[in-house]
Amino acid sequence: MNRPPPKPTRAPLRTCLTLAFAALTWLAPAVSSGQDFATRSAARKLGEEGIVLFDKGQYAEALEKFNLADQLVPAPTLGLRAARSLVKLGRLVEATERYLAVTRMDLSRAPVTPAFRKAQADALKEREELLPLIPSLTIEVTGPLGDGITVFVDGTQIPLALLGQKRPIDPGQHEVEVRRGETKVKKKVDLVVKQTEKVVLVLPPLPKPKPPEPDPFWRTIAWVGIGVGAGGMVAFGVTGGLALSKEQELTSKCPNRTCQPEFHADADFFDALRYATTAGLVVGVVGLGVGVPLLIAGPTQKPKKDEKKAAITWSPVLGLGTAGVRGTF
5 MNRPPPKPTR APLRTCLTLA FAALTWLAPA VSSGQDFATR SAARKLGEEG IVLFDKGQYA
65 EALEKFNLAD QLVPAPTLGL RAARSLVKLG RLVEATERYL AVTRMDLSRA PVTPAFRKAQ
125 ADALKEREEL LPLIPSLTIE VTGPLGDGIT VFVDGTQIPL ALLGQKRPID PGQHEVEVRR
185 GETKVKKKVD LVVKQTEKVV LVLPPLPKPK PPEPDPFWRT IAWVGIGVGA GGMVAFGVTG
245 GLALSKEQEL TSKCPNRTCQ PEFHADADFF DALRYATTAG LVVGVVGLGV GVPLLIAGPT
305 QKPKKDEKKA AITWSPVLGL GTAGVRGTF
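If you use the numbering used here, the sequence shown corresponds to residues 5 to 333, in order.
As structure tokens, then:
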């Protein structure tokens with residue numbers, strides 16, 4: 005009985021895994037004596053899974069696999085595939101650094117295989133092709149800087165030395181922010197490959213400094229002076245009114261300012277009222293004259309750092325046959 009010939013089988017997956025296995029043959033000679041067979045096997049499996057994910061377009065997942073495998077068994081081929089994944093993800097700046105790391109890998113401690121040489125050569129070539137495509141961004145900050153500023157790109161602080169310099173950056177939308185104390189100025193920029201862009205952030209004028217707070221001790225003295233002065237003026241008004249009334253009464257009883265004995269008590273009371281009126285006026289003028297200026301333009305508090313410097317305490321030390329002073333400052 006004749007059987008039909010077997011149908012040809014599709015073997016893209018088999019071919020892919022075969023290539024993956026061939027690409028990962030570097031793992032065995034690259035491993036140092038301190039790495040066991042289980043580690044090598046795990047790294048090989050991760051690399052194969054990364055290749056499959058990369059071919060499916062799942063570049064973030066592939067990058068994770070290549071990174072894990074590279075941590076277990078560092079090798080140029082894994083670094084090259086990780087760099088290619090970064091390119092696919094649009095992380096061009098990081099990809100150039102990964103390419104560079106591959107070209108600088110020291111292969112003197114492991115047998116150099118053709119896969120190693122090709123990976124380093126490919127990394128060098130692909131990096132040179134990628135560098136001209138990376139956009140650059142120049143950041144400038146104008147306006148008063150105050151006590152200092154910090155600059156952020158996409159939430160990550162960058163060194164101030166990069167201000168005014170071209171900074172490589174990935175394509176896409178980015179947010180640039182400068183902070184000065186509580187003041188924040190932001191700008192967004194959208195970059196494409198090969199683009200050179202400049203962003204200028206303008207800081208507003210510095211806020212006016214707060215007036216120094218009055219010293220609480222002298223402020224208390226000011227209010228005491230005002231209270232005493234107000235009381236003196238009230239006494240001046242009351243006793244002054246009584247004195248005027250008593251003076252009019254005595255004018256009718258004591259013609260020519262001469263009083264009979266029966267009116268001497270009234271005259272003495274009038275003199276007391278005059279003295280009290282004068283005292284009230286003096287106390288009122290002095291109290292208000294001291295309190296009002298102190299309240300308006302009295303001494304202010306010193307900065308805390310000055311207070312700390314001036315905080316000196318001392319106490320006597322007495323003992324049997326000894327005497328001295330102990331202090332802190």
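All residues carry an ideal CB built from backbone N, CA and C; glycine is no exception.
Cβ neighbour criterion (16 or more within 10 Å) applied to T243:
Of the other Cβ atoms in all chains shown, 16 or more fall within 10 Å of the Cβ of T243; this residue is therefore buried.
Comparing alpha-carbon positions, which option in G176, G54 and R48 lies nearest L96? Restricting attention to G176, G54 and R48, the CA atom closest to the CA of L96 is found in G176.
* DSSP on T262, reduced to helix/strand/coil? -> If DSSP states are grouped into helix, strand and coil, T262 belongs with coil.
Per-residue burial, L205 [other beta carbons within 10 Å of its own, 16 or more giving buried]
The residue is buried, with at least 16 neighbouring Cβ atoms inside 10 Å.
Considering only residues of the segment 42–96, which uninterrupted alpha helix (DSSP H) runs meet the minimum length of 4 residues and lie entirely inside it, listed in chain order? Taking only runs of at least 4 residues, the alpha helix (DSSP H) segments lying wholly in the segment 42–96 are 63–76 and 80–92.
Which residues in the same chain as A280 place their Cβ atom closer than 6 Å to its Cβ, once the five residues preceding and following it in sequence are excluded?
Once the five neighbours on either side are set aside, the close Cβ partners of A280 are T243.
**Message:** Buried or exposed for R102, going by 16 or more other Cβ atoms inside 10 Å?
**Reply:** Classification of R102: buried, given that the 10 Å Cβ count is 16 or more.
Practice task
Label R335 either buried or exposed according to how many other C-beta atoms from any shown protein chain fall within 10 Å of its C-beta, with 16 as the threshold for buried.
Solution key: Because the chain is modelled from 5 through 333, residue 335 falls outside the range shown and cannot be assessed.
Touching by the beta-carbon criterion (3+ pairs, under 8 Å), the segment 134–147 and the segment 59–68: In short, these stretches do not touch, since the Cβ pair count stays below three.
Report yes if the C-beta distance between G288 and G236 is below 7 Å; otherwise report no.
G288 is a Cβ neighbour of G236, given a cutoff of 7 Å.
Just confirm the distance between the C-beta atoms of H178 and D158, as a whole number of angstroms; I'd bet it's less than 8 Å.
With 8 Å as the limit, H178 and D158 qualify as a contact, their Cβ atoms being about 6 Å apart.
Own chain partners of K188 with C-beta closer than 7 Å, once the 5 adjacent residues on each side are dropped
Cβ neighbours of K188 beyond the five flanking positions: E181.
Self-check item: Proximity winner among T282, R88, E201 and K212, relative to R133 (alpha-carbon distances)
Solution: Note on residue identity: the sequence assigns Glu, not Arg, to residue 133. Of T282, R88, E201 and K212, the residue nearest in Cα terms is R88.
Exercise. In angstroms, rounded to a whole number, what distance separates the CA positions of R223 and A301?
Worked result: A direct Cα-Cα distance of roughly 10 Å separates R223 from A301.
As assigned by DSSP and simplified to three states, the class of G176 | In the structure shown, G176 sits in a strand (DSSP, three-state: E or B).
K129, enclosing alpha helix (DSSP H) - first and last residue: P118 to L134 is the span of the alpha helix (DSSP H), which, as asked, contains K129.
For A314, is the classification buried or exposed, using 16 other Cβ atoms within 10 angstroms of its Cβ as the cut-off for buried?
With a pLDDT of only 44 at A314, under the threshold of 50, the placement of this residue in the model should not be trusted, and no figure is reported.
**Asked** In whole angstroms, what is the alpha-carbon distance linking E201 and L195?
**Response** Roughly 8 Å separates the two Cα atoms.
query = In the DSSP assignment, what are the bridge partners of F156?
reply = DSSP output for F156 lists Q161 and E181 as bridge partner(s).
Which listed residue (T160, N71 and D40) has its alpha carbon closest to that of E52:
If we check each option's Cα against that of E52, N71 comes out closest.
Return helix, strand or coil for E186, following the three-state DSSP convention. Three-state result, E186: coil.
With distance defined between alpha-carbon atoms, name the residue in R44, V91, G54 and K92 nearest to L76.
For L76, the closest of R44, V91, G54 and K92 by C-alpha to C-alpha distance is R44.
Next item on the list: Please go through the same chain and pick out, in chain order, the residues whose beta-carbon is closer than 6 Å to the beta-carbon of A239, but skip the five residues on each side of it.
Entry: Excluding positions up to five away in sequence, the list reads G284.
Notebook entry, point to check: Within this structure, are the beta carbons of G94 and D174 separated by less than 7 Å?
Noted result: In contact: G94 and D174 (Cβ atoms closer than 7 Å).
**Prompt:** So the beta strand (DSSP E) S112 belongs to, where does it begin and stop?
**Reply:** First-last for S112: undefined, no H or E at that position.
### Task
Have a look at L149, P265 and L248 and flag the residue whose alpha-carbon is nearest the alpha-carbon of P209.
Residue L149 is the option with its Cα nearest to P209.
| field | Assigned secondary structure, D194 (DSSP; H/G/I helix, E/B strand, else coil) | value | In the three-state scheme derived from DSSP, where H, G and I count as helix and E and B as strand, D194 is classed as strand.
In three-state DSSP terms, what is K170?
-> DSSP places K170 in the strand class (E or B) of the three-state scheme.
Checking 7 Å against the spacing of the C-beta atoms, do T81 and A123 come in under that value?
Cβ distance < 7 Å, so T81 and A123 count as in contact.
* Starting from I143 and walking both ways along the beta strand (DSSP E), at which residues does that stretch end? -> Residues S140 to T146.
Report task. Please name the residue in G291, A105, P213 and G241 whose C-alpha comes closest to that of G231. Result -> Nearest of G291, A105, P213 and G241 to G231, Cα basis: G291.
Q) For I230, which of helix, strand or coil comes out of DSSP? A) In the structure shown, I230 sits in a helix (DSSP, three-state: H, G or I).
Is the separation between the beta-carbon of V197 and that of L137 shorter than 7 Å? Yes, the Cβ-Cβ distance between V197 and L137 is below 7 Å.
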